[in-house]
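The structure appears right after this line, and notes come after that.
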Amino acid sequence: MTVLDEGIARPRPAERVSAWVTVHDWATTVDHKKLGVMYISSALVFFLIAGLEASLMRIQLAVPNNDFLPPTTFNRLFTMHGTTMVFLVGMPMFFGFANYLTPLMIGARDLAFPRLNSFGFWLFLFGGLLLYFSFLGGAGLYGAGTAPDVGWFAYSPLTGRAFSRGNSTDYWILGILVSGLGSTATALNIATTIITMRCPGMTWGKMPLFVWLMLVNCLLTLIILTPLTAAQVMLLFDRFLGAHFFDTQAGGSAVLWQHFFWFFGHPEVYVLILPAFAIANEIVPVFSRKPLFGYPFMVGATVMIGFISMSVWAHHMFVVGLSAAANTFFTASTMAIAVPTGIKIFNWLGTMYGGKIRFKMPMLWCTAFLFSFVIAGLTGVMLAVVPWDWQLSDSYFVVAHFHFVLIGGLLFNIFAAIYYWFPKVTGRMLDEKLGRLHFWIFTIGFYLTFTTMHFPGLLGMPRRIYTYEAGRGWDTLNLITTLGVAVQAIGLLFFLWNVGRSLLRGDPAGDDPWDAWTLEWSTTSPPPDYNFETVPVVHSRRPLWDLKHPEDPDWKYE
Amino acid sequence: MQGRQVARARVTGAIAAAFAIVAVPAMSAFGADDAVRAVPNMFAPVSTPANTIRELSFLVLGISAGIFVVVSGVLFWCVYRYRQQPGDDREPPQVYGSNPIEWAWTIVPVLIVLILFLATARTINELQASEVPPNALKVTIVGHQWWWEIRYPDLGVVTANELHLPVSSADTKRPTYLTLESQDVIHSFWIPQLAGKTDVVPNRRNLMWVEPTETGTFLGQCAEYCGTQHAKMLLRVMVHEPADFERWAATQRKPATTDTAVAEGRAIFQSTACINCHTLDGTNADGRFGPDLSHLMSRTTIGAGAATNTRDNLRAWVDDPHQFKPGVLMPAMKLDTPELDKLTAFLLSLE
Amino acid sequence: MSAASGSIAAPSAPPPAPASWNLPDKGRVGMACLILTESSFFAIFVVAYLFYIGKSLHGPYPAEVLDLPILSSICLLSSSVTIVFAIRALRAGSTAGFVAWWLPTILLGLAFLILTGVEWYGLIVGHGLWVDTNLFGTTFYSLVGFHAFHVFVGLSLLTLVLVFGLTGHLRAEHAERTEVLSWYWHFVDTVWIVVFTVVYVVGR
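Protein sequences, first through last, are from chains C, U and V. Each number in our numbering comes from the position in the first sequence (counting from 1) with 45 added on. Each number in our numbering comes from the position in the second sequence (counting from 1) with 90 added on. Each number in our numbering comes from the position in the third sequence (counting from 1) with 1 added on.
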């Protein structure tokens with residue numbers, strides 16, 4: 046049952062088509078919805094691969110002096126795990142959800158540049174495949190290769206020809222460079238769409254907050270991703286043309302790579318987390334049955350995060366020996382960014398306060414996100430304190446911190462988003478019971494692993510080590526950490542089963558199963574190719590609320 | 091009831107987290123009595139910089155714990171109190187926001203951040219080394235893949251992987267200032283009980299200081315990924331009473347022992363590739379790629395902590411170091427058994 | 002500011018749809034985004050150049066081998082002027098006028114590339130300076146090289162449009178899109194001003 050007065054023509058049931066036609070359709074599509082699904086599906090596949098890489102590492106680290114994996118393999122695994130999760134899971138998840146939802150939320154029919162959209166997706170995918178091809182093709186030199194083993198941030202001079210022989214590092218550079226070009230293209234596309242294709246009445250102040258955050262995120266991506274490309278090109282020049290950008294023998298600076306990388310790398314983690322916030326901005330209000338508390342402040346806080354995030358990069362370099370003045374500046378900027386982030390958390394709490402919260406799967410995940418993100422943010426503020434960071438930088442405390450951010454912050458919201466929008470994309474509901482099994486098992490495993498993981502860091506365990514001495518106080522803690530991974534894996538199995546089963550036999554969803562308020566819920570599930578039969582006109586931030594509550598519409602109060 | 095289940099689980103999680111925050115300082119008791127402090131616990135500091143960091147940590151942990159309790163408390167409250175009651179489908183009052191509340195919860199965090207920043211800035215200036223005071227012991231650390239070269243320029247001592255220091259007491263203050271350099275890639279010098287870590291960067295000289303106030307052996311290791319055997323680039327710091335330290339330095343300064351009983355071993359050493367990478371006084375070995383072997387047997391481990399320094403391990407190491415530390419840059423020397431035995435006997439004589 | 006959800010007021014008509022709804026042109030916004038991201042890319046090479054000024058361990062040094070590229074700069078910057086006239090002509094409907102200004106734009110850009118090539122020949126063959134010589138060589142060829150590459154890409158696009166113009170496919174309604182392309186060209190020229198200042202003024 047649609048809400049709009051003018052009925053939307055239901056698309057005719059698809060005629061039976063051959064598998065080849067379907068494959069061809071998807072392979073050549075420029076439709077933002079199909080590309081969105083392709084982005085998200087690819088990201089999920091890479092997520093499982095990177096999760097497997099992590100599991101292997103954790104088996105190696107479960108006991109001291111273990112010989113399950115040789116050091117060379119372990120070093121490749123942590124490099125590929127980090128690189129995959131950041132570039133081949135986090136980024137495509139962002140682009141996938143932004144791609145699918147942005148036109149629907151702003152009342153447009155597609156992105157501004159549909160063919161560029163497709164180009165961006167395929168660049169991302171081929172870049173990722175190139176990176177993984179290194180496992181097969183990387184062994185150029187006997188004893189050197191296969192997959193890159195320099196860490197996801199690939200510090201020089203370790204990445205120079207002298208210390209990374211063979212071609213494994215080149216796969217890292219080229220795979221990510223190609224993928225990055227795709228990301229730049231898509232970010233440009235989404236930003237242009239939001240700026241130029243909103244439906245009549247949707248002024249800046251009436252855009253869903255999801256769309257605001259995607260806009261800030263895309264602009265941030267445009268500014269910070271090409272610096273990584275530039276640094277990678279410099280590294281390629283060093284490795285292939287004998288250039289000296291990072292060549293300490295020729296007077297070059299090993300620290301320059303770090304400056305360039307982290308100038309990209311820190312805002313990149315905001316690029317990864319802002320979509321999580323965007324998702325929470327949609328789900329928390331709908332399930333609390335109230336509008337988002339403090340919309341203007343949320344917009345302001347997001348813009349501030351975007352700007353400040355470009356000024357904090359050297360907090361990854363507190364131990365490199367910068368001057369006291371530099372360290373003091375960066376600790377200030379890093380602490381400053383905690384303020385707008387805190388404001389966002391308080392606004393979500395303010396949304397829940399006084400509401401009538403429905404704890405369906407999306408809201409369960411968002412609640413778990415709120416709890417975990419407070420912890421993640423606090424350990425982050427702790428790490429902003431330079432002397433504390435002097436002890437704990439490059440230790441398992443940092444690893445625990447950023448996994449709280451990326452799993453507790455990002456992944457929990459991605460699960461929330463999948464439970465929330467799966468009905469819209471597929472026309473079927475995910476199963477609540479399987480969902481609860483997924484949720485409880487996974488979160489218990491998550492807390493078991495990552496809460497525990499803080500302690501080896503506090504007891505002096507550095508990161509990126511393939512084994513450790515017994516008797517340092519790290520033994521039991523590492524074992525518990527590994528056990529938690531097994532629990533998370535079980536949780537994920539329930540998730541995959543849920544998705545598979547629901548695709549085939551899930552309950553029909555209808556257009557608006559959650560009684561939500563933004564424009565995507567006014568279309569059929571799934572939406573027709575053209576999204577909207579007539580371009581909608583909106584008067585407030587919650588157009589469907591206005592239609593469902595004509596006696597008490599938002600536009601009277603905004 | 092979904093909301094209450096969620097609330098209960100959250101409470102459990104919060105209690106666990108709060109316990110952890112309290113337990114961490116309590117971990118100071120870890121490994122308190124051993125001569126070798128096997129647990130490199132930053133909350134059991136034995137040196138001035140590490141002590142200062144621990145004190146700052148209490149402020150940081152306290153503030154964080156407070157914020158955590160308040161914010162997660164509000165979260166649990168909302169989850170519990172505002173969950174939908176069965177059968178109640180009415181919409182709640184649609185509140186859009188409140189400017190006074192927004193300003194309140196902006197200003198309070200700004201103040202908290204300001205306090206934290208001021209405490210941090212003061213500690214940075216207290217700890218960041220700028221110049222070396224006259225009474226300090228000076229040590230130069232050179233990071234290599236995957237071992238530590240340790241030089242005492244004023245004492246004429248060169249050793250590897252084990253840093254010996256004099257203890258500093260209230261009446262005789264004797265801090266040690268370490269100049270950090272690298273021969274190849276970036277490493278990081280970290281002994282949690284003595285100080286925070288500082289990176290060891292090629293083409294750059296970093297300065298840090300420690301001031302140990304207790305004797306004993308303390309552990310650390312490289313903390314910046316530097317290649318295949320980053321995990322086995324371990325550090326041992328032996329802190330001595332001043333007299334013992336002087337005695338140690340004097341022994342290290344003595345020329346390498348020349349024991350005629352192992353002359354054959356010495357001859358093998360001098361005619362094999364060993365001399366290209368290692369230094370040994372009184373011989374033609376002057377390589378700087380590997381550790382100085384003049385007082386090899388004064389060290390408790392070999393391979394930067396990869397194995398204890400026993401006869402069998404030493405023999406096996408020379409035969410094929412990759413069985414202890416796969417990927418290490420020292421090749422298997424491929425000596426036949428009699429040569430290996432003689433060479434080992436020679437090495438064992440290098441006290 | 003909360004709604005009284007208890008009382009039911011009579012539904013009121015929503016405000017009318019906006020009389021006009023004009024959002025910026027997507028070509029312009031897209032090009033602005035491209036310029037933003039490319040500026041970021043160049044900024045890193047500029048920072049590397051500035052950082053390494055005076056740090057080369059041995060020569061050749063900039064002061065010894067670099068001469069101010071006055072002629073090539075005049076060519077490139079003039080092409081920004083000619084391109085503006087070309088667009089104006091197209092907007093007024095004159096394809097002949099468009100080609101009369103567009104062709105010199107391309108020729109001036111080409112002159113810039115040729116003169117750059119001559120300069121590089123002198124540096125490589127005459128002074129033995131290449132990417133691997135020293136820090137100056139590395140940063141110089143990277144920064145100037147990437148700029149020249151962007152000029153080359155621009156020239157290719159301009160030539161394509163010239164072909165459209167010469168074969169009668171270009172009309173006044175294409176002036177909008179051609180102007181967006183000219184923004185790219187202006188960007189390339191602006192980058193040259195920065196490169197010129199950093200390399201030939203500050204760095205020498």
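We put the beta carbon where it would ideally sit given N, CA and C, even for glycine.
Min CB distance residue i to chain C below 9 Å
i: THR38/V; result: yes
i: ARG294/U; result: yes
i: ILE392/U; result: no
i: PRO421/U; result: no
i: ASP376/U; result: no
i: PHE207/V; result: Residue 207/V lies beyond the range of chain V shown here (2 to 205); nothing can be said about it.
i: ASP26/V; result: yes
i: PHE99/V; result: no
i: LYS424/U; result: no
i: ARG401/U; result: no
i: SER147/U; result: yes
i: ASP123/U; result: Confidence in ASP123/U is poor, its pLDDT being 35 and thus under 50, which makes the residue's placement too unreliable to answer from.
i: MET387/U; result: no
i: GLU405/U; result: Per the sequence presented here, residue 405/U reads as Arg, with Glu not at that position. Cβ-Cβ to chain C under 9 Å: no for ARG405/U.
N- and C-terminal bounds of the alpha helix (DSSP H) containing residue i
i: TRP167/C; result: 159-182
i: ASN296/U; result: Note, ASN296/U: premise wrong, no alpha helix (DSSP H); beta strand (DSSP E) at 296-300.
i: THR379/C; result: 369-397
i: GLU216/U; result: 189-217
i: LEU144/V; result: 136-167
i: ILE281/U; result: Counting along the chain, ILE281/U falls outside any alpha helix (DSSP H), and DSSP gives it neither H nor E.
i: GLY118/V; result: 96-122
Selected residue, minimal CA-CA separation from residue i, among the options
i: ALA531/C; options: TRP542/C, LEU503/C, ARG550/C and LEU493/C; result: LEU493/C
i: VAL185/U; options: GLY296/C, TYR340/C, GLY454/C and ILE94/C; result: TYR340/C
i: VAL75/C; options: THR579/C, HIS594/C, SER585/C and TYR575/C; result: TYR575/C
8 Å contact criterion, which residue i and residue j should meet: CB distance rounded
i: ILE151/C; j: MET252/C; result: 7 Å
i: PRO245/C; j: VAL582/C; result: 5 Å
i: HIS448/C; j: ASN543/C; result: Actually they are not in contact, since the Cβ atoms of HIS448/C and ASN543/C sit about 23 Å apart, beyond 8 Å.
Contact with chain U by residue i, beta-carbon distance below 9 Å
i: ASP597/C; result: yes
i: GLU603/C; result: yes
i: ASP475/C; result: Per the sequence shown, the amino acid found at residue 475/C is Leu instead of Asp. So, not an interface residue.
i: PHE391/C; result: yes
Chain V contact for residue i (CB, 9 Å cutoff)
i: PRO148/C; result: no
i: HIS499/C; result: no
i: MET242/C; result: yes
Where the beta strand (DSSP E) through residue i begins and ends
i: TYR267/U; result: 266-272
i: PHE208/C; result: No beta strand (DSSP E) holds PHE208/C; DSSP gives it neither H nor E.
i: ALA250/U; result: 247-250
i: VAL33/U; result: Outside the modelled stretch of chain U, which goes from 91 to 441, sits residue 33/U, for which no answer is possible.
i: ARG228/U; result: The question names Arg, but residue 228/U is Lys in the sequence shown. Start and end: 227-234.
i: TYR242/U; result: 237-242
The region 169-178 of chain C contacting the region 216-231 of chain C, beta-carbon criterion three pairs below 8 Å
yes
Could you tell me whether the region 176-184 of chain U touches the region 373-390 of chain C, using the rule of 3 or more Cβ pairs below 8 Å?
no
Does the count of Cβ pairs from the region 230-248 of chain U and the region 313-324 of chain U closer than 8 Å reach three?
Yes, the region 230-248 of chain U is in contact with the region 313-324 of chain U.
Decide if the region 226-236 of chain C is in contact with the region 558-574 of chain C; the criterion is three or more beta carbon pairs, one per stretch, under 8 Å apart.
no
Between the region 287-307 of chain C and the region 356-367 of chain C, can you find at least three pairs of beta-carbon atoms closer than 8 Å?
Yes: at least three Cβ pairs fall under 8 Å.
Under 8 Å: do the region 231-249 of chain C and the region 289-302 of chain U share three or more Cβ pairs, one atom per stretch?
no
Evaluate contact between the region 283-292 of chain C and the region 131-141 of chain V, counting only Cβ atoms and requiring at least three cross-stretch pairs below 8 Å.
yes
Pairs of beta-carbons, one from the region 284-292 of chain U and one from the region 423-440 of chain C, closer than 8 Å: are there three or more?
Touching, yes, given that three or more Cβ pairs across the two stretches are closer than 8 Å.
The region 452-471 of chain C touching the region 132-148 of chain C, judged by at least three CB pairs closer than 8 Å
Flag = yes, the region 452-471 of chain C and the region 132-148 of chain C touch.
Count the CB pairs spanning the region 166-185 of chain V and the region 117-128 of chain V that are closer than 8 Å, and state whether there are at least three.
no
If you pair each beta-carbon of the region 259-274 of chain C with each one of the region 259-277 of chain U, do three or more pairs fall below 8 Å?
no
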